[in-house]
Amino acid sequence: MCRHLGYLGPPEPVDALVTRGPHALYVQSWAPRDMRRGGRINADGFGVAWWPAPGTVTRYRNAAPIWTDPAVTEVLGQIASGAVVAAVRSATVGMPVERAACAPFTSDGWAFSLNGKVPGWREVIPDLASGPLWDLECATDSAALWMVLRRGLAAAPPAEALANLVAAVLRRAPDSRLNLLLGDGETLWATTVTHSLSALVDDDCAVLSSEPYDDDPRWRPIPDHSLVTARPGHLSITPLE
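Read left to right, the sequence shown gives residues 233 to 473 (the numbering used here).
Structure below.
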């Protein structure tokens with residue numbers, strides 16, 4: 233499965249946020265340490281989203297492995313941001329390998345990533361969406377989840393919308409793996425269902441990452457079936473219902 237990371241803190245070069253540390257997200261693309269239930273590398277694309285101004289999100293994505301793209305350092309290194317969501321992808325068998333399938337998915341100031349899978353998503357998610365999935369960015373479970381979540385965000389606060397989505401999917405597809413990551417440039421929200429997630433939060437910054445990117449003892453592993461809210465100076469971890 234995929235790996236993802238969210239950062240909030242002092243502005244830094246965007247490339248540094250995906251390449252820094254001995255076990256950076258960049259390294260996790262070919263040498264992950266905690267891939268659960270299949271997958272060995274994350275070579276089916278990557279993406280990085282950042283907020284150049286409050287409420288405005290932009291992104292860069294590529295369907296190639298992150299280590300093959302010189303733009304990671306040559307272009308993203310010229311951009312600084314205090315809010316980033318990034319992901320490297322390991323495509324589920326049968327899913328397309330294309331740029332449109334790569335997280336983060338963005339809309340209306342939000343950025344979203346899925347580390348996981350929804351078995352039988354073509355039957356499960358239309359039920360949640362109350363209709364056909366005509367406007368999907370691509371034919372993947374992650375894009376379909378994002379479409380449903382966007383509707384949920386219009387009706388409920390982010391933490392509630394995420395928890396509602398996870399509960400609804402698990403009722404219909406209990407074998408789903410649902411590590412979701414959502415950001416709006418000011419706060420990060422995440423869920424853990426099966427896959428790993430760790431948090432590093434102090435007064436200056438907040439990081440949520442599938443795996444710690446260094447050996448800082450302040451990294452905190454997030455228990456399975458948790459809902460997380462993080463921003464500088466604040467970390468909330470509550471059980472998912």
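Just so you know, even glycine gets a beta-carbon here, dropped at the ideal spot from N, CA and C. All of these numbers come straight from a predicted model, not from anything done at the bench.
Look at S442 here: in three-state DSSP terms it is coil, with no helix or strand label.
The Cβ-Cβ distance between S442 and H236 falls below 8 angstroms.
Taking C-beta separations shorter than 6 angstroms and ignoring five residues to either side along the sequence, E306 has no partners in its chain. Ranked by how close their Cα comes to the Cα of I298, the residues V398, T426, G238 and V250 have V250 in first place.
Under the DSSP assignment, T338 falls in the beta strand (DSSP E) whose first and last residues are F337 to S339.
Checking the DSSP bridge columns, you'll see H457 has no partner listed. Less than 8 angstroms separates the beta-carbon of L346 from that of L412. Annotation for A361: V380 place their beta carbon closer than 6 angstroms to its own, counting only its chain and skipping 5 residues before and after.
When secondary structure is reduced to three states using DSSP, A399 falls in the helix class. P242 sits in a strand when the DSSP states are folded into three classes.
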